[in-house]
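The opening position of the sequence shown corresponds to residue 12 in our numbering, with each subsequent residue numbered one higher.
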Amino acid sequence: MHVDILQIEQLTKSYGQIRALHDVSFNVAAGEIFGYLGPNGAGKTTTLRAIAGLVHADNGEIRLFGEKKPLPRMRDAIGYLPGELHLYADMSAARLLDYFARFRPQRPPLLRKKLLDAFAAGQEVLSRKIKFLSHGTRQKIGLLIAMQHDPELLLLDEPTIGLDPLMQQAFREIIFDFAARGRAVLFSSHVLSEVEAVCNSIAILRAGEIVAIETMAALRGKMLRRLQVRFRAEAPQSVLTCPGVARTHVQGREVVLWVQGEINALLRQLAQVEIEHLVFPEPELEDIFLSFYNKPDRSLNV
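Right under this line is the structure:
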């Protein structure tokens with residue numbers, strides 16, 4: 012049984028009249044990759060900043076490694092990538108990595124080399140000043156700063172922004188390696204596919220409140236997925252009333268189906284009729300929220 016590295020209980024934070032977080036509670040265990048999913052402005056960044064000690068909550072409790080008031084050495088065991096990355100523009104990437112490494116007691120050289128290789132950060136990149144690096148390369152440097160001391164808890168706020176698909180895959184492999192070695196990862200994102208690719212469990216945050224905490228397997232069984240179909244003739248009732256179809260929108264031969272859970276029964280029905288066009292888009296956050304709210308907020312910005 013894995014020990015909880017991070018425990019959050021009823022965390023609440025307001026900025027003036029704006030409530031950023033309300034009674035947020037969840038745990039992250041050693042070896043777990045925990046996704047923190049929600050639209051921009053939901054409170055994800057405030058949560059991570061509070062865990063990192065950069066923001067003081069109004070109420071609630073944060074326990075790191077079982078301690079309510081973490082010692083400085085416990086803070087050293089955290090690696091943090093902020094959502095808005097600000098680096099010293101006139102420093103070279105190599106000097107910047109060395110600068111941050113000096114603040115950490117643990118400096119595993121083999122891990123740093125492994126990370127540099129994985130992110131394709133060779134001498135050409137390291138020798139350049141930060142201000143001359145692309146956004147994606149600066150993001151890689153930010154990840155290296157967060158990871159190079161081999162932290163026991165990684166706090167990553169929208170970590171793949173700016174990374175190309177190859178570097179996103181490299182990032183996933185690194186995260187899997189951290190988890191396999193017993194590290195805990197808290198990974199915030201507003202992109203479902205990104206969280207789905209790496210996380211064991213997720214918390215869904217909306218307007219500062221957690222609306223669900225699920226394993227990815229359980230979430231897939233609950234989320235609504237949209238299927239857009241154009242039939243050659245009138246949409247058959249066998250499709251519209253198929254088990255798993257939660258609701259439909261029919262406009263002539265154009266049909267949108269919202270499916271909950273397993274879709275194989277519906278696919279079998281579709282295989283028996285003539286179809287001109289079929290689109291199965293990636294579920295959006297709004298689709299997931301519809302699984303948990305009877306009256307979704309249509310103004311939600313996803």
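Ideal placement from N, C-alpha and C gives every residue a C-beta, glycine not left out.
**Alpha-carbon to alpha-carbon, T171 and F187** = Along the sequence shown, read from residue 1 onward, the residue named residue 187 stands at position 176. Along the sequence shown, read from residue 1 onward, the residue named residue 171 stands at position 160. Going by the C-alpha atoms only, they are around 15 angstroms apart.
**Asked** Is F182 helix, strand or coil when you go by DSSP?
**Response** Residue 182 sits at position 171 when you count from the first residue of the sequence shown. Note: F182 maps to helix in three-state DSSP.
**Request:** Take T23 and list the residues in its own chain whose beta-carbon comes closer than 7 angstroms to its own, dropping the five residues that flank it on each side.
**Result:** Position 12 of the sequence shown holds residue 23. Cβ contact annotation for T23 (same chain, cutoff 7 angstroms, sequence separation greater than five): L32, H33, D34, A68, D69, N70 and G71, in chain order.
**Item:** Endpoints, beta strand (DSSP E) assigned at Y91
**Value:** For the purposes of this step, residue 91 is taken as the residue at position 80 of the sequence shown. Per DSSP, Y91 belongs to the beta strand (DSSP E) from I89 to L92.
**Request:** Would you identify the three-state DSSP class for L65, choosing helix, strand or coil?
**Result:** Start at 1 with the first residue of the sequence shown, and residue 65 comes out as number 54. Three-state result, L65: coil.
**Message:** Counting beta carbon pairs with one atom in the segment 206-215 and one in the segment 241-259, are three or more of them shorter than 8 angstroms?
**Reply:** Taking 8 angstroms as the limit for Cβ pairs, the verdict is that the segment 206-215 does not touch the segment 241-259.
**Message:** Would R86 and G52 qualify as a contact pair, given that the criterion is a beta-carbon distance under 8 angstroms?
**Reply:** As a first step, residue 86 is located in the sequence shown; it is residue number 75 there, counting from the start. As a first step, residue 52 is located in the sequence shown; it is residue number 41 there, counting from the start. Taking 8 angstroms as the Cβ cut-off, R86 and G52 do not qualify as a contacting pair.
**Asked** Does Q117 have its Cβ less than 8 angstroms from a Cβ in chain B?
**Response** Protein chains in the displayed structure number just one, and chain B is not present.
**Request:** Grab the span of the beta strand (DSSP E) containing Y47 for me, first residue to last.
**Result:** As a working note, residue 47 is residue 36 in the sequence shown. First-last of the beta strand (DSSP E) with Y47: I44 to L48.
**Request:** Kindly give me the distance between the Cβ atoms of W269 and R258, rounded to whole angstroms, as I take these residues to be in contact under 8 angstroms.
**Result:** As a first step, residue 269 must be located in the sequence shown, where it is residue number 258. As a first step, residue 258 must be located in the sequence shown, where it is residue number 247. W269 to R258, Cβ: 5 angstroms. Contact.
**Item:** Cβ pair count under 8 angstroms reaching 3, the segment 155-163 against the segment 175-183
**Value:** The answer is no - the segment 175-183 does not touch the segment 155-163, with fewer than three Cβ pairs under 8 angstroms.
**Message:** Measuring straight from C-alpha to C-alpha, what distance separates D308 and N275?
**Reply:** Locating residue 308 in the sequence shown gives position 297, counting from the first residue. Locating residue 275 in the sequence shown gives position 264, counting from the first residue. Caution is warranted here: a pLDDT of 46 is assigned to D308, below 50, making its placement in the model unreliable, and no coordinate value can be reported.
**Asked** Per DSSP, what kind of secondary structure is Q18 in: helix, strand or coil?
**Response** Against the sequence shown, residue 18 aligns to sequence position 7. Q18: strand per DSSP, three-state reduction.
**Item:** Supposed contact pair V256 and L281 - C-beta distance, whole angstroms, cut 8 angstroms
**Value:** One-based indexing of the sequence shown puts residue 281 at position 270. One-based indexing of the sequence shown puts residue 256 at position 245. Their Cβ separation, rounded to whole angstroms, is 11 angstroms, which puts L281 and V256 out of contact at 8 angstroms.
**Asked** Which residue spans inside the segment 158-220 form an unbroken beta strand (DSSP E) run of at least 3?
**Response** 164-168, 195-200 and 212-217
**Prompt:** Comparing alpha-carbon positions, which option in K142, H13, D101 and A228 lies nearest G77?
**Reply:** If you number the sequence shown from 1, residue 77 lands on position 66. Out of K142, H13, D101 and A228, H13 has the C-alpha closest to the C-alpha of G77.
**Item:** Q159 versus A218: straight-line alpha-carbon distance, rounded
**Value:** Here residue 159 refers to the residue found at position 148 of the sequence shown. Here residue 218 refers to the residue found at position 207 of the sequence shown. Distance between the alpha carbons of Q159 and A218: 33 angstroms.
**Message:** Please give the ranges of any alpha helix (DSSP H) in the segment 76-154, keeping only runs that are unbroken, at least 4 residues long and fully inside the region.
**Reply:** 83-86, 104-112, 120-129 and 134-137
**Prompt:** Short check: CB of K140 to CB of S199, under 8 angstroms?
**Reply:** Working through the sequence shown from its first residue, we reach residue 140 at position 129. Working through the sequence shown from its first residue, we reach residue 199 at position 188. No, they are not a contact pair.
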